[in-house]
Each structure stands twice: as C-alpha cells, then as structure tokens.
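Numbering follows our numbering, with no gaps: position 121 of the sequence shown is 107. Inspection log for the structure reproduced underneath, given as structure tokens.
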Amino acid sequence: MMGPPNMQEMMATYKPRWAGVYELNIGDEWRAVWEAAEELPESAPVEMGRVVVFKDERGYATRPAGSNDAWGIVEGGLEPGETVEQFVNRAVREQTGMKLASSHLVGFLECKATSHNPNFAAGDITVQPLYVGIGDEIGDIPEGSPYERRRMPINEFMRAIRARHREIERYLNDAGQRYAVLRAKAGSV
C-alpha cells in the first residue's frame, strides 16, 4: 500500500496556472483579463473605452441626463475611423464638458464576448482601455448631449465610481493611484 505523496513528488507533477491571470465577468456579455500597461498593443481591436476624469482635487462623474443611475466614469464606443486618443478627448468633452490637458493609459481589459452578448459573436475579442484623464478647462456639456456631470471631492468620487463599476473596482483604484502619482510628480496637475 502506498502512502500519501510527499511534497517533492507533488511539486514535480503540479502545473501552476499563470499567476497574472484573473478572469473577470463584465456583466453577462464579456469574460475579461486585465493587463496593466502604459501603451496599447499594436493593432489592438479597440471598440470601446473608459476614462476616469480628474481636475485638481476633484473627480468628474457622469450619467445619462435626467436618470437616477449611479454616478460613473466616462465610457463609450469609438466612432468609425476614430483613434483611441480621439475617442478619449471626444467622450470626455461630450460627457463632462472637460477639455483634457493629458490622458494616461492605466491598462486594458482583453475581453472575449460570451453567447449572451447581443452585439458581438461569441468568442470575438476586443480590447477595452482604461485611461486617467487630467482636465485642463471645464466648460458646459455640449448642447444636446445625453449626459450630465457631477464634480466631487476625490474621496467621494472614488467611492461613487467603485460602487457603480464593481467589476473593475480594483482597476479604478489603480487609476486613482496613477492620478495621485502624476499630481505628486508635477507638484499639482
């Protein structure tokens, strides 16, 4: 009769999974893996993106105009022929009225569509970047925009967006930390 295997025997046969993989469920529509990055992969299939917007000691949240939805981050889809940088600037202006001084990639979700996704075939891959947007000038939200904004102290803002976007809460924290580092390096941003 054989006894239980010893630790060396177990380690010789065990194949650990890659420690960097943590699969997320983004609603029922996507399965995703987060990748912290300062640049998007070349020819990444970007269909949509997200931006966490800050100016000085405030965060700028958005939601559909007239709704009772929780306050969230800027998000949306790219228009045909639009670059990711153009999307970031357009979406932030449309949803918050903010002109950005700069934007910084925090990372991206590499997403695979599920069979519950009405807009993509099951298995389709898309990359969804998350940016920190640093505001330069704040103006009115453009006429006809279907959004409203709210300016909040950063601590209140971070609480609000984490509550709204629970699936990506840890990456929103990364965005907040990136902004704090950028402010510290610049003296203030």
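Just so you know, even glycine gets a beta-carbon here, dropped at the ideal spot from N, CA and C.
Handout entry: Secondary structure of residue 160, DSSP reduced to three states
Key = The DSSP-derived three-state label of residue 160 is helix.
Practice task
Verify whether the separation of the beta carbon atoms of residue 73 and residue 32 is less than 9 Å.
Solution key: It is a contact, given that the beta carbons lie within the stated cut-off.
Handout entry: Local conformation of residue 11 per DSSP, three classes
Key = Three-state DSSP puts residue 11 in a strand.
Practice task
On the DSSP bridge assignment, give the partners of residue 115 in chain order.
Solution key: Bridge partners of residue 115: 94.
Practice task
Mind checking who residue 41 pairs with in its DSSP beta bridge?
Solution key: Residue 41 has 44 as its beta-bridge partners, per DSSP.
Handout entry: Supposed close pair residue 22, residue 160 - CB separation, criterion 8 Å
Key = Rounded, the Cβ-Cβ distance is 7 Å, consistent with contact.
Handout entry: Exposure of residue 151, with buried meaning 16 or more beta-carbon neighbours within 10 Å
Key = Classification of residue 151: buried, given that the 10 Å Cβ count is 16 or more.
Practice task
Determine the DSSP secondary structure at residue 123, reduced to helix, strand or coil.
Solution key: The answer is strand: DSSP assigns residue 123 an E or B state.
Exercise for the section: Would you decide whether residue 172 is buried or exposed? Buried here means 16 or more other CB atoms lie within 10 Å of its CB. Expected result: Exposed, because fewer than 16 other Cβ atoms sit within 10 Å of the Cβ of residue 172.
Problem - Distance CB(residue 60)-CB(residue 37) smaller than 9 Å - result: In this structure, residue 37 lies closer than 9 Å to residue 60 by Cβ.
Problem - Backbone secondary structure at residue 86 - three-state DSSP - result: In this structure, residue 86 counts as strand in the three-state DSSP scheme.
Problem - alpha helix (DSSP H) segment containing residue 18, residue limits - result: Not the alpha helix (DSSP H): residue 18 falls in the beta strand (DSSP E), residues 16 to 22.
Exercise for the section: Inspect the CB distances between the region 43 to 61 and the region 134 to 147 and report whether three or more fall short of 8 Å. Expected result: Yes, the region 43 to 61 is in contact with the region 134 to 147.
Problem - Same chain, Cβ closer than 6 Å to residue 97, neighbours up to 5 away in sequence not counted - result: Correct list, in chain order: 16, 18, 112, 114.
Practice task
For residue -9, count neighbouring C-beta atoms within 10 Å of its own C-beta (all shown protein chains included) and say buried if the count is 16 or more, exposed if not.
Solution key: Residue placement at residue -9 cannot be trusted, given a pLDDT of 45 that sits under 50; what the coordinates show is reported in the next sentence. So residue -9 ends up on the exposed side.
Exercise for the section: Could you check the C-alpha separation between residue 87 and residue 119 for me, to the nearest Å? Expected result: The C-alpha of residue 87 lies about 8 Å from the C-alpha of residue 119.
Handout entry: residue -3 - DSSP class collapsed to helix/strand/coil
Key = Any reading at residue -3 must be qualified, since the residue scores a pLDDT of 42, below 50, and its modelled position is unreliable; the value itself is stated next. DSSP places residue -3 in the helix class (H, G or I) of the three-state scheme.
Problem - Alpha-carbon to alpha-carbon, residue 158 and residue 149 - result: C-alpha separation (whole angstroms): 11 Å.
Problem - Outcome for residue 156 when other beta-carbon atoms lying within 10 angstroms are tallied against a minimum of 16 - result: By the neighbour-count rule (16 or more Cβ atoms within 10 Å), residue 156 is not buried but exposed.
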